[in-house]
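Residue numbers (this note's numbering): 903 to 1069. Read through the structure below, which is laid out as structure tokens, and then see the notes.
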């Protein structure tokens, strides 16, 4: 139990803020709602920024690291788009408000993404050399890109429906 307490005590404050914000958004998404495109962009932007910051901090701008992350991102974008493609998302062209049905994928995706990012952050803090091992590096960068991509892909579908309705 002391190990868990150590991790929790050494976790930066902003990680808690981000976690509770993401958790609140995931819980709210379980009910149908009206939302702006800008508000829908917050989660993909925040998670992608976190992902890119970690990529640069841990691996620098190594072409191999960027390539792994980009492949994960592209796969994630496709997967995120496919997750929502059959949902009845409508846009009020006059106001630009998006009417979305309940999204039961957001909360589990947030929890898994956050858990994986936290675990790799803990590894980076306690055993940074481990992240240079090829399998750990591939898993960290690939999953980081994949999860960012899923959220970007979901947002891209919302943005596509928004543009179609507004034109």
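C-beta: ideal position from N, C-alpha, C; glycine also.
Per DSSP, what kind of secondary structure is residue i in: helix, strand or coil?
{"i": "residue 991", "result": "coil"}
{"i": "residue 956", "result": "helix"}
{"i": "residue 1002", "result": "strand"}
{"i": "residue 928", "result": "helix"}
{"i": "residue 935", "result": "strand"}
{"i": "residue 1051", "result": "helix"}
{"i": "residue 1080", "result": "The structure shown does not extend to residue 1080, since the chain is modelled only from 903 through 1069, so no value can be given for it."}
{"i": "residue 1010", "result": "helix"}
{"i": "residue 996", "result": "coil"}
{"i": "residue 913", "result": "coil"}
{"i": "residue 908", "result": "helix"}
{"i": "residue 966", "result": "helix"}
{"i": "residue 1069", "result": "coil"}
{"i": "residue 1029", "result": "coil"}
What residues in its chain sit with their C-beta under 8 Å from that of residue i, if we drop five residues either side in the sequence?
{"i": "residue 894", "result": "Since the first residue shown for the chain is 903 and the last is 1069, residue 894 is missing from the structure and cannot be characterised."}
{"i": "residue 911", "result": "none"}
{"i": "residue 909", "result": "1024"}
CB-CB under 6 Å to residue i, same chain, minus the five flanking residues each way: which ones, in chain order?
{"i": "residue 992", "result": "1001"}
{"i": "residue 1038", "result": "1032"}
Using a 10 Å radius around the Cβ and a threshold of 16 neighbouring Cβ atoms, would you call residue i buried or exposed?
{"i": "residue 956", "result": "buried"}
{"i": "residue 1017", "result": "exposed"}
{"i": "residue 1060", "result": "buried"}
{"i": "residue 904", "result": "exposed"}
{"i": "residue 916", "result": "exposed"}
Going by C-alpha distance, which of the options is nearest residue i?
{"i": "residue 937", "options": "1033, 1011, 998", "result": "998"}
{"i": "residue 1047", "options": "1026, 923, 935, 982", "result": "982"}
{"i": "residue 942", "options": "976, 917, 924, 910", "result": "924"}
{"i": "residue 948", "options": "934, 978, 921, 1034", "result": "921"}
{"i": "residue 935", "options": "990, 1066, 1042", "result": "990"}
{"i": "residue 954", "options": "1042, 1064, 1062", "result": "1042"}
{"i": "residue 906", "options": "976, 1020, 1013", "result": "1020"}
Once the 5 residues before and after residue i are set aside, which same chain residues still bring their CB inside 7 Å of it?
{"i": "residue 1006", "result": "932"}
{"i": "residue 1045", "result": "974, 1018"}
{"i": "residue 1057", "result": "942, 943, 946"}
Could you give the C-beta distance for residue i and residue j, rounded to a whole number, given that I count them as a contact under 8 Å?
{"i": "residue 1053", "j": "residue 946", "result": "4 Å"}
{"i": "residue 928", "j": "residue 1009", "result": "3 Å"}
{"i": "residue 1055", "j": "residue 980", "result": "6 Å"}
{"i": "residue 1068", "j": "residue 995", "result": "6 Å"}
{"i": "residue 1026", "j": "residue 960", "result": "6 Å"}
{"i": "residue 1050", "j": "residue 978", "result": "6 Å"}
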